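Everything in the sequence shown is counted per this note's numbering, starting at 1 for the first residue and increasing by one. Cβ atoms here follow ideal geometry from the backbone N, Cα and C, with glycine treated the same way. Here the structure is a predicted model, which means the values were calculated and not measured. One structure is given here, and the rest of the page talks about it.
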Amino acid sequence: MTKNATTRAATLPKTSSATTTLSILAAAVIGLGIISVAGHVQAATLHDAAHDVRHATGFPCH
Ligand SMILES: [Zn+2]
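Here it is as structure tokens:
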């Protein structure tokens, strides 16, 4: 019983950390995907909108 509690206590933080890392990774991939799509899309309207957002947020542009 003591061994089981020790195992659970040692496993729980690791699982929580892995979930947090996965969440951060997923958010980064989605964010970079949005920036890539908005930056390389051919439609002039979307390109202009992305261009304005880049300037408004101080993202390096030109
Ligand atoms: Zn610009």
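- Message: Going by DSSP in three states, A18 sits in which element: helix, strand or coil?
- Response: A18 falls in the helix class under three-state DSSP.
- Message: Quick check: what's the CA-CA separation for S17 versus S36?
- Response: 28 Å
- Item | Rounded straight-line distance, which links the Cα of L32 to that of F59 | Rounded to the nearest angstrom, the gap between the Cα atoms of F59 and L32 is 13 Å.
- Exposed unless 16 or more other CB atoms sit within 10 angstroms - verdict on A44: exposed
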